Amino acid sequence: MRGLYEALMSASRAHARWEIEMSNNIIRSRKHLLILLLMTLPIIIPAIGHAADLPSFLGGKSSYGPSYFTPTMFYGSMAVGVCAGLITGCIGAGGGFVITPALMSLGVKGILAVGTDQFHIFAKAIMGTVIHNKLGNVNVKLAIAFLVGSGIGVTGGGTLNRALFNANPVMSDFIISTIYAIILGFLGCYSMYDFLKSRGQANQAKNDDVHGGPTGLTALAKKLQSINLAPMIKFDEDITPGGRRISGWFVGLCGLVTGFLASIMGVGGGFVTFPMFVYGLGVSSFTTVGTDILQIIFTAGYSSITQYAIYGYIFYTLAMGMLVGSLLGIQIGAVTTKVVPGMHIRAFYAIAIMAGFVNRAFAMPEKMGQMGYIGISKETGALINNIGSWIFFGLLILFAGWIIISFIKGLPTLRAETAKASLSDGKGVSQ
408 MRGLYEALMS ASRAHARWEI EMSNNIIRSR KHLLILLLMT LPIIIPAIGH AADLPSFLGG
468 KSSYGPSYFT PTMFYGSMAV GVCAGLITGC IGAGGGFVIT PALMSLGVKG ILAVGTDQFH
528 IFAKAIMGTV IHNKLGNVNV KLAIAFLVGS GIGVTGGGTL NRALFNANPV MSDFIISTIY
588 AIILGFLGCY SMYDFLKSRG QANQAKNDDV HGGPTGLTAL AKKLQSINLA PMIKFDEDIT
648 PGGRRISGWF VGLCGLVTGF LASIMGVGGG FVTFPMFVYG LGVSSFTTVG TDILQIIFTA
708 GYSSITQYAI YGYIFYTLAM GMLVGSLLGI QIGAVTTKVV PGMHIRAFYA IAIMAGFVNR
768 AFAMPEKMGQ MGYIGISKET GALINNIGSW IFFGLLILFA GWIIISFIKG LPTLRAETAK
828 ASLSDGKGVS Q
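Residue numbers (this note's numbering): 408 to 838.
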């Protein structure tokens, strides 16, 4: 269990580094900022003149039948994007786990929250990823086998999600909430355990072994690489003498699992790609990162467009709100790490994950009551759900407020460091 937690956290950190890089690429490019402005004009211009009538021009019930749209959802999506960005930038771990639960708490149906989150990931990825810098990390045969499996998994997950929603919208929300509650509960408990265990100890950085762990190949990776099942794929020739070989069927199976979970949960899928590749298949972390970035772009794009957008299960406006908010949050969070103790950051990460778990766990009794699985009154179920939402948003607001206040208080320190760095550069040039 401990190894699984470390694998998931390694994946989360790798995804966070990529998100920070994407954010920087967008913020520092006038072309990308112009594209972002053009993408948000359909939202900004009508909002200026019709702020009081926001739901009507954004769709409302007539355009988006599966979910009723309110201004709270729109402005809330921007706040959710900021919080997710703060988590990613400040903690160095993916903040995407809070997006779908947060949207569902704002009143968005689970299937629309999933589709919207996928589209937001895709939009940010195609704008901010510098593909040519990563192609050297990608093994083409590994990528092809993985993407074939991912495509099948995404199609299966999207089809299942739509079928569940069409059959019973409450059941659809319940299953999505259950999956999130299980995963966030596992991550949250181990994050809290890890924080409590490390209190008072020096915060030492952990360097990943290029073959996926401190002891090299795992027993599972050795076993799978010993199975000669055509087609065999050769990889990591530049890292290991003679390279390594793995059956394309195993790679495709990993892609299928990743695509299925990504399509069901609305995340990029990197949180399972990394542990499966590095710990399961024995692929180097160097190759895994490049392949993972490629699969996220494909998975999120294929899923959001073919499985959700064409069926009307995406709120474009919410996706743009989250995109803008996350870009701001990532920048603030990344800078704040220079003035905030690492131990505090780890504590807040554990709290944020546990808040997401509580949010989805507290939503389940109401859903179960609506489906007749348990005897609970409508009022009691709604109260429990609301308590979970209050705890969730309260902790996120507390976290965001703490980061922003720390950022403001640390501005003098950051300016002094910038001035010192500029002075040092000036001296170096003059010499």
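By construction, the Cβ of each residue, glycine as well, lies at the ideal position given by its N, Cα and C atoms.
Bear in mind the structure is a predicted one, so any value in this text is a computation, not a measurement.
Exercise. Which class does I653 belong to by DSSP, given the choice of helix, strand or coil?
Worked result: strand
Exercise. Applying the criterion that 16 or more other CB atoms from any shown protein chain within 10 Å of the CB defines a buried residue, is M683 buried or exposed?
Worked result: buried
For this session: Give the single residue among A768, W797, A530 whose Cα lies nearest to the Cα of F593.
Result: A768
Exercise. Just curious, the beta strand (DSSP E) that M778 is in, first and last residue?
Worked result: That residue, M778, is in no beta strand (DSSP E); it is neither H nor E in DSSP.
Exercise. In its own chain, which residues sit with a C-beta less than 8 Å from the C-beta of M778, not counting the 5 before and 5 after it?
Worked result: N575, V577, M578, F581
For this session: Have a look at I433 and S733 and give me their C-alpha separation to the nearest angstrom.
Result: 12 Å
For this session: Using the Cα positions of L849 and K629, report the straight-line distance between them to the nearest angstrom.
Result: Here the chain has residues from 408 to 838 only, and residue 849 is not among them.
Problem set entry | Integer-rounded CB distance, given that T698 should sit under 8 Å from N573 | The Cβ separation is near 34 Å, so there is no contact.
For this session: Can you tell me which of the three DSSP states I758 falls into?
Result: helix
Exercise. What does F642 pair with, by DSSP beta-bridge criteria?
Worked result: R651
Exercise. Taking just the CA atoms, how far does M761 sit from M480?
Worked result: 23 Å
For this session: With G673 as the anchor, note down where its alpha helix (DSSP H) starts and where it stops.
Result: G673 -> no alpha helix (DSSP H), and no H or E assigned at all.
Exercise. Are the Cβ atoms of I811 and I739 separated by less than 8 Å?
Worked result: yes
Exercise. Measuring CA to CA, which of V515, K531, V521 is closest to I704?
Worked result: K531
Problem set entry | Reduced DSSP category for G435 - H, G, I as helix; E, B as strand; rest coil | Position check: residue 435 holds Arg in this sequence, whereas Gly was assumed. Correct three-state label for R435: coil.
For this session: Compute the beta-carbon to beta-carbon distance between G560 and S670, rounded to the nearest angstrom, for a pair I have assumed lies under 8 Å.
Result: 7 Å
For this session: Could you check the C-alpha separation between T523 and G649 for me, to the nearest Å?
Result: 44 Å
Problem set entry | Reference Y720, options I586, A570, A588, W656, closest by Cα | A570
Problem set entry | Residue closest to T743, alpha-carbon to alpha-carbon, out of G556, T495, F526 | T495
Exercise. Just how far apart, CA to CA, sit F526 and G736?
Worked result: 19 Å
Exercise. Alpha helix (DSSP H) containing N792: first to last residue?
Worked result: 785-816
For this session: Pick helix, strand or coil for L513, following the three-state DSSP scheme.
Result: coil
For this session: Quick one: grab the DSSP three-state call for S691.
Result: coil
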